[in-house]
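Using the numbering used here, the first residue of the sequence shown is number 27, and each one after it goes up by one. The beta-carbon is built from N, C-alpha and C at its ideal position, and this holds for glycine as well. This one's a predicted model, so the numbers in the text were calculated from it and none came from an experiment. What follows is a single structure, written as structure tokens, with notes after it.
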Amino acid sequence: MDKSIHSKEYKIVLERMRKARFEAGLTQVQVAKKLGHHQSYVSKIESGERRIDVIELNKFAKLYGKSVNNFL
């Protein structure tokens, strides 16, 4: 069984997150700063190297002016 972090569905979520960041006109550095993290935190999430939980996903959604449903 494949791990969900490598599933097609998870990759789609990550792609939608990246797209939302671009649409919001934000860099990884800006997002990380607003969330109180380093740029590598955002990079690792967007690349799939680090899993994101629902609480974190909600923080990203609010920052990008989106609903969590936009990522699912």
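Of all alpha-carbon atoms in 65, 43, 85 and 62, the one lying nearest the alpha-carbon of residue 96 is that of 43. Assigned with DSSP and collapsed to three states, residue 64 falls in coil, not helix or strand. In terms of Cα proximity to residue 52, the closest of 93, 86, 82 and 98 is 86.
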